[in-house]
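First comes the structure, then the notes that go with it.
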Amino acid sequence: MPGYEIIGKEELREIKDIFDNGGVLFRHGFDHLRNGIYKVNQFEKKFSKKMNAPYALAVTSGTAALRVALAAIEIKPKDEIITQSFTFVATVEAIIESRGIPIITEIDDTLNMDPKDFEKKITKNTKAVIVVHMLGTPARLDEIKKIAKKHKIFLIEDTAWGCGGKYNGIPLGNFGDIGTFSFDFAKTMTTGEGGMVIFKNKKLFNKAAAWHDHGHENNPKLPRWEDSRSSSGFNYRMNELQGAVGIAQLKKLDKVVKGQRKSAKKILSILKKYPLTLRKSPKGSKETFDSLVFFVSNPKLAIRCRNQLLSRGIGTKILPEALTWHFAGSWSHMPQLLKKYGKNIRKKFPKSYSYLSKAVSIPISMNYKNELAKKINTALEKTFKKKI
Ligand SMILES: *Cc1c(COP(=O)(O)O)cnc(C)c1O
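Offset between the sequence shown (1-based) and the working numbering: plus 66.
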């Protein structure tokens, strides 16, 4: 958890800068009014540098980031986009909104995409894979990237939870062709609502930049009505207020991740005493530790653990209650998924269901207090006292 714990003066100063210089809230134009202040543009530049990616495009949300990423690769009817069963609904919503066909893989003990199941689900219609670094733990990127390359499939990383994490020294989001980020209020860094898309390829970036701005092939030297255009698009432009907050939050990203890691370490030392298994993280991972996830031996025990934690005021973010908003097997409200998986969708990902129903997640805060450690310890003590 997250940037909202240290939001304040610095963000306000960036916003004040806008209002001290004409108060232009639109990312483009109005050059004579703004005294050279372009917050969104500056945020993009700083973010791309931080992620070591050549191009970055700011957008209105993490969901928009996914939609824009899919627009960049030009989805045609019948194109299939593969993603994993454990993710937030937004990943699949973006596929549906892009008129792609969502294909869902099982997860493994990383709680991210199972590379073997990914390869099994590739067909001649597969256009892209969206891998998700759920709750800040990297997916098995090496294996997934190899498979994607072999089959000439675009690799997109939904890095909504992975911002500030690394894998083999490479920032998460910059491993595949496109990386998407969310800056909603619960994420590692926040702009209230907002997102970012990073690219290696200039053509993909240009396509995305135009598409997120009604097709404007923006030329800052021309008035907007003279911009060229080659396709229609939509509006997912970030505004200057969000850009300003983003600049200040980005400066704090390392501190947030470091703080989370430190807290996680302390909680890990408590977990060690109990008969539970930690979620696996692939070798070479630098996790963001948005949450700490462990498995207990059966679903009943997971619920008991959750209740013990909750009764002490400790939320269990997403797990074991993921089976609503974060597990594809629960999304019987999406006809596009039912078309492929049928009414009995809940039964279609047994391996994922088995992992998720035995998992408990403890949200990690930067500001860890010893009192919290005591509460977690007591909750676990009570959980494991009686056998089920
Ligand atoms: C938060 C989240 C999103 C969506 O981001 P928003 O900014 O809330 O639209 C997408 N994917 C995952 C995995 C997320 O957790």
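No residue lacks a Cβ here, since even glycine has one placed at the ideal position from N, Cα and C.
* Could you check where the alpha helix (DSSP H) with I428 kicks off and where it finishes? -> That residue, I428, is in no alpha helix (DSSP H); its beta strand (DSSP E) goes 425-429.
* **Cβ neighbour criterion (16 or more within 10 Å) applied to P143** => exposed
* Asked: Where does D97 land, buried or exposed, given buried means 16+ other C-beta within 10 angstroms?
  -> Exposed is the call here.
* **A156 CB to nearest heavy atom of ligand 1 below 7 angstroms** => yes
* Would you tell me roughly how many angstroms separate the C-alpha atoms of L422 and A205, rounded to the nearest one? => 16 angstroms
* Within 7 angstroms: the Cβ of G261 and any heavy atom of ligand 1? -> Yes - ligand 1 has a heavy atom lying nearer than 7 angstroms to the Cβ of G261.
* Asked: Looking at C-alpha atoms only, which residue of G408, L367, K328, S347 is the closest neighbour of N436?
  -> K328
* Selected residue, minimal CA-CA separation from A226, among S151, H199, S114, K232 -> Closest option to A226, Cα to Cα, is H199.
* To do: State yes or no: is the C-beta of A226 nearer than 7 angstroms to some heavy atom of ligand 3?
  => As far as ligands go, the structure on display features ligand 1 and does not contain ligand 3.
* Asked: Is any heavy atom of ligand 1 found at a distance shorter than 7 angstroms from the C-beta of D356?
  -> no
* **Which residues DSSP lists as bridging K232, in chain order** => P237, K352
* **Where the beta strand (DSSP E) through V198 begins and ends** => 192-198
* To do: Would you check if the segment 298-309 and the segment 274-284 touch, i.e. whether three or more CB-CB distances between them fall below 8 angstroms?
  => yes
* Could you check how far apart the C-beta atoms of E306 and I84 are, in whole angstroms? I think they sit under 8 angstroms. => 5 angstroms
* Does the beta carbon of P68 sit closer than 8 angstroms to a beta carbon anywhere in chain D? -> Reference to chain D is not applicable here, since this structure consists of a single protein chain.
* To do: Give the straight-line distance between the Cα atoms of L288 and E159, rounded to the nearest whole angstrom.
  => Roughly 36 angstroms between the two C-alpha positions.
* Inside the segment 355-435 only - beta strand (DSSP E) runs reaching at least 3 residues -> 357-361, 425-429
* To do: Kindly indicate the opening and closing residues of the beta strand (DSSP E) around S248.
  => 244-248
* Asked: Got a sec: does ligand 1 put a non-hydrogen atom nearer than 7 angstroms to the Cβ of S151?
  -> no
* Just the Cα atoms here: how many angstroms apart are P401 and K414? -> 15 angstroms
* To do: Please determine, among N240, G260, P237, the residue with the shortest C-alpha to C-alpha distance to S248.
  => In this structure, G260 is the residue among N240, G260, P237 with its C-alpha nearest to the C-alpha of S248.
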